[in-house]
Each structure stands twice: as C-alpha cells, then as structure tokens.
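The structure under discussion appears below in the form of structure tokens.
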Amino acid sequence: MPRLNLQLFIFSLILTVTTVVDCFTNMNTSRKSILNSSNNDSAVEERWFKYVVVLVATSAGSLKSHSTGLWLEELAAPYYQFLDAGYEIIVASPAGGPIPIDAASLGEGFFTDDAKKFMHDATAVGKLSHSEPIGSVDLKDVDALFMAGGHGTCTDFINSPDLKKAIETVFNSDGKIVASVCHGPMCFTDCVKPDGTPLVSGLKVTGFSNTEEEAVGLQSTVPFLLESKLKELGGLYERGDDWNSKVVIDGELITGQNPQSSTECAKAIITKLGEQ
C-alpha cells in the first residue's frame, strides 16, 4: 500500500475510534441520563433508555356477593399517559392472567374516553387479558409501580405476599416510585418499612374517602374503610371534595383519591421521574 494511502487509512481509523470513545464518554452512565438534540431549531429530548412502569390491577371479580373487578379508567388513563411519554408498560396482577373489569366502569358517565380507547386497542386489551403474575416480574429495572383500583382490590390487594414483596422492594429502592389510586392503596395496609413500621406511617397519603364509599353503598361490604385504615396506620390522610381529582405526593409515594385522580396521578409519576 502506498505510504500516503497508509497514512490516510491510519488517520481515518484513529478518528473513528476517537469519535466512538467520545460518544460513550459523553453519555451519562446513569440509567436516567437524557440526550439532547435539536430538530428544526427546536430542542428535542431523546432518551437512550425507556422508563419501565408496572401497572398492577386486581385479579378478583367479586367482593363477597358483589360483582366487581378493575375500575377501568384507573388503568386506562395512566396507561395512555405512560405510553405517550414513551414508557415501557408491563401489566400485572396478583394471580396473573385475565383481569376482570367492573361492568359499572363501562356504564354511562363512567366510560371515559381513555377507557373507550383502551377497549378498542388490541395491544392494550391483550396486556389486560394476559397480565403477568406480580410475583414473576423482575423489578430490577422497574422505575415505578402503579396500583390501579376497583373494589376487586379489597379481595386480593390485601393478604397478597407477592404484591406486598413487590411494593416493599420498589419502595425501598432509591429513585423508584410507588403509586396508587382510589381503592388501590388497599395494598399499602399490609406493607411495612425496613424498621417494621407501617409503610404509610408518617407519610402524606390519600385514597377512596369514607364519604365516597358511603355514596356507593359499599361501606358494609368492604373489609374496612380505606380512609380510616390509612389513618389508623399512621398515614397523614388528605382528601379533596368527593369525586374531584386529588393527588398527594410524599417523596417517592404518590397516591390519588378516586377515579377522577387517575390522569393526574400518572402525570405526577412522569414529572417525578423526570426530576431524578
């Protein structure tokens, strides 16, 4: 090979290697790093990873003699918030398999646009029909755990060793979020901190209020009134007006009061993860 061509070849090789090294050096080795680029003079953020969120719903279709299940809005609204944010979404449940939907959540006045979109979305329905058992989900790369509500949670979100373990694992991991809405916080009543005290003790929290439970006539059907139980466990319970959005944030614990809080609860998770 002529000397000049050899020199050019070596120079090109060195330049290529240097460029590759610089690319990797400039990357933040943190999983949460963000790469900024521009497109048509407007800033565009491109993550070289995806946040991973696990949406957990009830496996139970009944509560005593009351037919129930997942309140669809409480999973559908967060699902599309996370999807639009580019998250990887895993749908799970205590038992795995098909997740029952409370028929009332498909009724007039409750069948929201997100819920309708979800029911016509083959991918979304597929995830709901083949949910992962929460005990089999690898939580290592999970950034947030979100428990949707519905009265079915009163059956299997309590006394569920697998769900309890998942919540405590994520809650005790730096930078990860545990969140829930409406009856979903039933799951927190079994959970404890590393020191053995109730997970909600000393933390601001919300969930389905006593007056909302009385309004739907199931105060004698549920195992306990969620508001009262959270207070009993030392939670600093906050509430808004019945059937109005209320989201409470305390560190990495995010809770919503009722179905109307579902969207804002998901947005709070997205904002919180973006701050880390």
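Reading the sequence shown from the start, the letters are residues 1 to 276 in UniProt numbering. Note that beta-carbon positions come from the ideal geometry of N, C-alpha and C, so glycine has one too. This one's a predicted model, so the numbers in the text were calculated from it and none came from an experiment.
Discussion item. Let me check understanding here. Comparing Cα to Cα, which of 225, 56, 248 and 229 lies closest to residue 136?
Written reply: Here residue 136 refers to the residue found at position 136 when the sequence shown is read from its first residue. If we check each option's Cα against that of residue 136, 56 comes out closest.
Worksheet item: Can you give the Cα-Cα distance for residue 221 and residue 213, rounded to whole angstroms?
Response: Position 221 of the sequence shown, counted from the first residue, corresponds to residue 221. Position 213 of the sequence shown, counted from the first residue, corresponds to residue 213. Their Cα atoms are separated by approximately 10 Å.
Fill in: In chain order, each alpha helix (DSSP H) run of at least 4 residues that lies wholly inside the stretch 185 to 263
210 to 215 and 226 to 232
Worksheet entry | Through-space distance from residue 67 to residue 47, alpha-carbon basis | In the sequence shown, the residue the question calls residue 47 occupies position 47. In the sequence shown, the residue the question calls residue 67 occupies position 67. Residue confidence for residue 47 is low, a pLDDT of 47 falling below 50, so the modelled location carries little weight; the figure read from the coordinates is stated next. Each residue's Cα considered, the two are about 43 Å apart.
Worksheet item: In chain order, which continuous runs of the alpha helix (DSSP H) of length 4 or greater are located wholly inside the stretch 87 to 135?
Response: 113 to 119 and 122 to 129
Item to complete: Could you check which residue in 119, 132, 142 and 189 has the C-alpha nearest to that of residue 173?
Response: Taking the sequence shown and counting its residues from 1, the one referred to as residue 173 is at position 173. Closest by alpha carbon: 142.
Worksheet item: Would residue 53 pass as a contact of residue 90 if the rule is Cβ separation under 9 Å?
Response: For the purposes of this step, residue 53 is identified with residue 53 of the sequence shown, where counting begins at 1. For the purposes of this step, residue 90 is identified with residue 90 of the sequence shown, where counting begins at 1. Yes; because the gap between Cβ atoms is below 9 Å, this pair is in contact.
Practice prompt. Could you say if the stretch 199 to 210 and the stretch 249 to 257 meet the contact criterion of at least three C-beta pairs nearer than 8 Å?
Written response: Contact holds: three or more Cβ-Cβ distances are below 8 Å.
Worksheet item: residue 95 to residue 134, Cα distance in whole Å?
Response: Numbered from its first residue, the sequence shown carries residue 95 at position 95. Numbered from its first residue, the sequence shown carries residue 134 at position 134. C-alpha separation (whole angstroms): 7 Å.
Practice prompt. Could you tell me which of 180, 162 and 209 sits nearest to residue 148, measuring between CA atoms?
Written response: Walking along the sequence shown from the start, residue 148 turns up at place 148. That would be 180, whose Cα lies nearest to the Cα of residue 148.
Worksheet item: Leaving out five residues before and five after residue 61 in sequence, what residues of the same chain have Cβ atoms less than 6 Å from its Cβ?
Response: If you number the sequence shown from 1, residue 61 lands on position 61. The answer, listed in chain order, is 69 and 100.
Discussion item. Determine whether the beta carbon atoms of residue 171 and residue 187 lie at a separation below 9 Å.
Written reply: Within the sequence shown, numbered from 1, the residue matching residue 171 stands at position 171. Within the sequence shown, numbered from 1, the residue matching residue 187 stands at position 187. No, the pair does not count as a contact, with Cβ atoms beyond the cut-off.
Practice prompt. Give me the Cα-Cα distance between residue 92 and residue 139, rounded to the nearest whole angstrom.
Written response: Against the sequence shown, residue 92 aligns to sequence position 92. Against the sequence shown, residue 139 aligns to sequence position 139. Looking at the two C-alpha atoms, the distance is approximately 12 Å.
Worksheet entry | Environment of residue 276 [buried if 16+ CB atoms lie within 10 Å] | Looking up residue 276 in the sequence shown gives position 276. Residue 276 should be labelled exposed.
Discussion item. What would DSSP say about residue 179, mapped onto helix, strand or coil?
Written reply: In the sequence shown, the residue the question calls residue 179 occupies position 179. Residue 179 falls in the strand class under three-state DSSP.
Item to complete: Please list, in chain order, all residues of the same chain as residue 237 whose beta carbon is under 7 Å from its beta carbon, the five residues on each side excluded.
Response: Position 237 of the sequence shown holds residue 237. 205, 206, 227, 230 and 231, listed in sequence order.
Discussion item. In this structure, how does DSSP classify residue 170 when only helix, strand and coil are distinguished?
Written reply: Along the sequence shown, read from residue 1 onward, the residue named residue 170 stands at position 170. Here residue 170 sits in helix by DSSP.
Worksheet item: Since residue 160 sits in a beta bridge, which residues does DSSP pair it with?
Response: What you label residue 160 is simply residue 160 of the sequence shown in a count that begins at 1. According to DSSP, which records beta bridges pairwise, residue 160 is partnered with nothing at all.
Worksheet item: Does DSSP put residue 273 in a helix, in a strand, or in coil?
Response: The residue given as residue 273 occupies position 273 in the sequence shown. The answer is helix: DSSP assigns residue 273 an H, G or I state.
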